[in-house]
């Protein structure tokens with residue numbers, strides 16, 4: 008079997024994001040608190056089970072409106088940015104809120120990424136010796152995790 012990749016996929020999302028930012032061809036209006044966001048029903052439905060259910064209720068020929076009250080406009084903007092770009096830079100303080108939004112919106116890829124980052128932060132916070140591996144070890148993340156666990160294990164044994 009030969010796999011053929013669509014190299015236009017990234018370009019597709021990039022174009023959809025540009026259209027969203029300009030307000031072109033947007034058929035979904037999402038209200039969060041007092042702020043409204045224009046987006047594409049198809050893109051949102053593909054990214055979120057919850058939004059797919061809510062957006063399917065509207066008339067196909069006219070924009071559908073949806074109100075979300077369970078998180079802030081800032082968090083929803085981050086959700087939109089992730090949906091359209093599949094990448095996002097967020098502060099550590101925003102991770103927990105973004106995780107909650109991903110759970111409520113049933114966005115598994117975003118939820119997985121938030122959990123992964125929070126787990127990494129927890130592992131570093133639990134490191135009692137504040138161990139920082141040398142640069143060459145940082146290039147191999149699995150080695151870094153092993154060394155963190157090794158340091159933790161050594162510290163635990165000395166505690167006993």
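In my numbering, the protein residues as written are 8 to 167.
Heads up, the beta-carbon is just placed ideally off N, CA and C, and yes, glycines get one too.
- Under the DSSP assignment, residue 29 falls in the alpha helix (DSSP H) whose first and last residues are 16-29.
- Annotation: the continuous beta strand (DSSP E) that includes residue 35 extends over 35-39.
- By the criterion of a C-beta distance shorter than 6 Å, residue 57 is surrounded in its chain by 112, 113, once the five residues flanking it on both sides are discounted.
- Rounded to whole angstroms, the Cβ separation of residue 24 and residue 92 is 6 Å, and the two are in contact under 8 Å.
- In terms of CA proximity to residue 127, 99 leads the group 99, 110, 105.
- For residue 95, the CB contacts under 7 Å within the same chain, skipping 5 residues up- and downstream, are 85, 88, 89 in chain order.
- Residue 64 sits in coil when the DSSP states are folded into three classes, being neither helix nor strand.
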